[in-house]
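Visitor: Residue numbers (my numbering): 41 to 498. Take a look at the following structure, please.
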């Protein structure tokens with residue numbers, strides 16, 4: 041006869057097994073700012089070393105067709121935080137101060153995870169509104185260290201906040217944000233956490249530390265040299281965060297995402313930072329590949345097999361993937377546009393996550409279906425003159441064979457132009473009117489919150 045103590049232990053074993061099976065992973069979402077597609081080693085960059093990002097790519101899944109839902113900072117972040125195309129709720133253009141910001145009716149990823157028991161933190165750039173009701177700690181984040189606007193000095197502590205309190209001292213924002221991220225990971229190691237680590241690197245202003253600048257004597261272009269030093273700082277900060285995960289025993293229980301918020305700004309009319317989007321064509325603020333296709337990584341050691349994912353995906357998917365990893369069933373009333381990528385990355389399905397991806401920025405548009413992309417973009421994107429003009433006629437490219445968008449197929453494949461245009465028209469008809477913006481697309485990412493907003497023509 042089995043002793044009662046053993047009977048009790050056997051009865052409890054299924055409960056222990058169930059608890060282990062549903063253990064919630066930590067979620068680390070890292071966003072770089074204005075990084076060029078071609079400026080990482082895993083995309084072939086030769087003049088700027090990015091060993092930590094390359095290591096993350098080698099340990100995880102690299103997306104060869106990873107996109108963001110807009111070619112500007114704030115709209116992309118609105119999409120990321122909600123998992124919805126930002127144009128659905130009027131967040132089509134950059135926040136430039138005043139009352140602009142992520143509409144209060146939208147629910148953030150942080151809010152959903154916090155309600156599920158996660159500790160939530162934002163370190164870095166917010167750019168989703170400066171009104172009190174739009175503060176990160178009113179949008180689901182327990183902790184906040186960073187700034188509310190679209191850009192910030194790397195060395196001046198003015199407008200850097202811890203919660204609502206001004207920070208008095210600052211060495212270099214990238215270093216400070218890396219340290220804060222490590223402290224958050226250490227402090228919350230005993231329970232699930234979500235950390236949104238949103239660097240302002242490598243956005244302007246162009247400011248680097250002297251010791252990092254000295255490491256790039258071979259780069260003769262002054263702007264590119266500063267950019268290299270800024271990117272090195274970003275890579276080092278990410279390395280520190282990765283090391284902290286290992287030291288605290290959390291590496292295998294942490295789902296890590298990395299993207300840039302848009303392509304590198306390489307044309308006049310944007311705050312040019314010395315980045316490169318090669319071999320792609322186009323720049324931040326255009327719907328060409330160089331504006332919307334970005335470095336895009338997903339890593340979960342022990343759960344996801346390292347490799348390359350070649351199907352088109354978009355940053356909206358990261359929100360849905362985080363929710364699914366946390367064990368939160370995605371509800372129809374959330375109306376998410378992103379999809380859970382885990383079945384695709386684990387090999388449970390070989391289907392494409394999306395039949396189509398869409399973009400709209402004022403007069404510019406794009407739709408990608410399979411290998412084909414129909415695009416209208418700022419016709420000054422190639423001439424570098426700076427001011428946005430009426431968009432080009434619709435142009436059709438095969439992105440698989442022509443990622444540089446150099447061979448227009450519109451005249452020879454009018455049936456595909458018609459098909460893609462009809463799909464985009466149907467999608468666009470479901471969107472809201474922009475709540476602000478719509479005139480000049482010059483980009484300084486806005487003044488600090490509370491400053492007079494820039495007027496734009498309608």
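Heads up, the beta-carbon is just placed ideally off N, CA and C, and yes, glycines get one too. All of these numbers come straight from a predicted model, not from anything done at the bench.
What residue from 327, 186, 365 has the CA that sits closest to residue 344's CA?
Guide: Within the chain shown, residue 344 is the residue found at index 304, counting from 1. In terms of Cα proximity to residue 344, the closest of 327, 186, 365 is 365.
Visitor: Can you give the beta carbon distance from residue 285 to residue 241, rounded, assuming they're within the 8 Å contact cut?
Guide: The residue given as residue 285 occupies position 245 in the chain shown. The residue given as residue 241 occupies position 201 in the chain shown. Residue 285 to residue 241, Cβ: 20 Å. No contact.
Visitor: Report yes or no: do the stretch 143 to 163 and the stretch 71 to 79 share at least 3 C-beta pairs separated by less than 8 Å?
Guide: no
Visitor: For the beta strand (DSSP E) containing residue 181, list its first residue and its last residue.
Guide: To locate residue 181, count along the chain shown from 1; it is residue 141. It is not in any beta strand (DSSP E) - residue 181 carries neither H nor E in the DSSP assignment.
Visitor: Given a cut-off of 7 Å, decide if residue 347 and residue 101 are closer than it, judged by their beta-carbon atoms.
Guide: Working through the chain shown from its first residue, we reach residue 101 at position 61. Working through the chain shown from its first residue, we reach residue 347 at position 307. Contact flag set, yes.
Visitor: Of all the options 184, 349, 204, which has the alpha carbon lying nearest to the alpha carbon of residue 221?
Guide: Position 181 of the chain shown, counted from the start, is the residue given in the question as residue 221. Of the listed residues, the one whose Cα sits closest to residue 221 is 184.
Visitor: Is residue 161 close to the ligand SAH? I mean its beta-carbon at under 6 Å from any heavy atom of the ligand.
Guide: As presented, the structure is devoid of all ligands, the ligand SAH included, so that no description of it is given.
Visitor: Whole angstroms is fine: what's the gap from residue 329's alpha carbon to residue 88's?
Guide: Working through the chain shown from its first residue, we reach residue 329 at position 289. Working through the chain shown from its first residue, we reach residue 88 at position 48. Those two C-alpha atoms are separated by around 22 Å.
Visitor: Name the residue from 109, 154, 150 whose alpha carbon lies nearest to the alpha carbon of residue 132.
Guide: Along the chain shown, one-based indexing puts residue 132 at 92. Taking only the C-alpha atoms, the option nearest residue 132 is 109.
Visitor: Residue range of the alpha helix (DSSP H) that residue 263 falls in?
Guide: As a working mapping, residue 263 is identified with position 223 in the chain shown. Per DSSP, residue 263 is one residue of the alpha helix (DSSP H) stretching across 262 to 287.
Visitor: Using a Cβ distance threshold of 8 Å, determine whether the stretch 196 to 205 contacts the stretch 232 to 241, with at least three qualifying pairs required.
Guide: no
Visitor: Which two residues bound the contiguous beta strand (DSSP E) that contains residue 350?
Guide: On the chain shown, position 310 is the one that residue 350 refers to. Counting along the chain, residue 350 falls outside any beta strand (DSSP E), and DSSP gives it neither H nor E.
Visitor: Less than 7 Å between the C-beta atoms of residue 331 and residue 111, yes or no?
Guide: Counted from its first residue, the chain shown places residue 331 at position 291. Counted from its first residue, the chain shown places residue 111 at position 71. For residue 331 and residue 111, yes; Cβs fall inside 7 Å.
Visitor: Could you tell me the alpha carbon to alpha carbon distance between residue 434 and residue 153, rounded to whole angstroms?
Guide: Taking the chain shown and counting its residues from 1, one reaches residue 434 at position 394. Taking the chain shown and counting its residues from 1, one reaches residue 153 at position 113. Distance between the alpha carbons of residue 434 and residue 153: 41 Å.
Visitor: Leaving out the 5 sequence neighbours to the left and right, which residues in its chain are closer than 7 Å to residue 218 when beta-carbon positions are compared?
Guide: The count along the chain shown starts at 1 and reaches residue 218 at position 178. Closer than 7 Å at Cβ, skipping near neighbours: 277, 280, 281.
Visitor: Per DSSP, what kind of secondary structure is residue 207 in: helix, strand or coil?
Guide: In the chain shown, the residue the question calls residue 207 occupies position 167. It is coil, neither helix nor strand.
Visitor: In the DSSP assignment, find the unbroken alpha helix (DSSP H) run with residue 154 in it and report its ends.
Guide: The residue given as residue 154 occupies position 114 in the chain shown. Per DSSP, residue 154 belongs to the alpha helix (DSSP H) from 149 to 155.
Visitor: So is residue 231 buried or exposed if we call it buried at 16+ other beta carbons inside 10 Å?
Guide: For this step, residue 231 is matched to residue 191 along the chain shown. With fewer than 16 other Cβ atoms within 10 Å, it is exposed.
Visitor: When the Cα of residue 128 is compared with those of 137, 136, 116, which residue comes out closest?
Guide: Here residue 128 refers to the residue found at position 88 when the chain shown is read from its first residue. Ranking 137, 136, 116 by Cα distance to residue 128 puts 116 first.
Visitor: Could you pull the DSSP bridge partners for residue 234 from this structure?
Guide: Translated into the one-based positions of the chain shown, residue 234 becomes position 194. Assignment of beta-bridge partners to residue 234 by DSSP yields 67, 160.
Visitor: Quick check: the Cα distance between residue 324 and residue 459, rounded to an integer number of angstroms?
Guide: Position 284 of the chain shown holds residue 324. Position 419 of the chain shown holds residue 459. Residue 324 and residue 459: Cα-Cα distance of roughly 27 Å.
Visitor: Of the choices 369, 107, 141, 379, whose alpha-carbon is the least far from that of residue 399?
Guide: Indexing the chain shown from 1 puts residue 399 at position 359. Residue 107 is the option with its Cα nearest to residue 399.
Visitor: Report yes or no: do three or more beta-carbon pairs, one from the stretch 332 to 339 and one from the stretch 444 to 464, lie closer than 8 Å?
Guide: In short, these stretches do not touch, since the Cβ pair count stays below three.
Visitor: Any idea what DSSP makes of residue 407, helix, strand or coil?
Guide: Within the chain shown, residue 407 is the residue found at index 367, counting from 1. Residue 407 sits in a strand when the DSSP states are folded into three classes.
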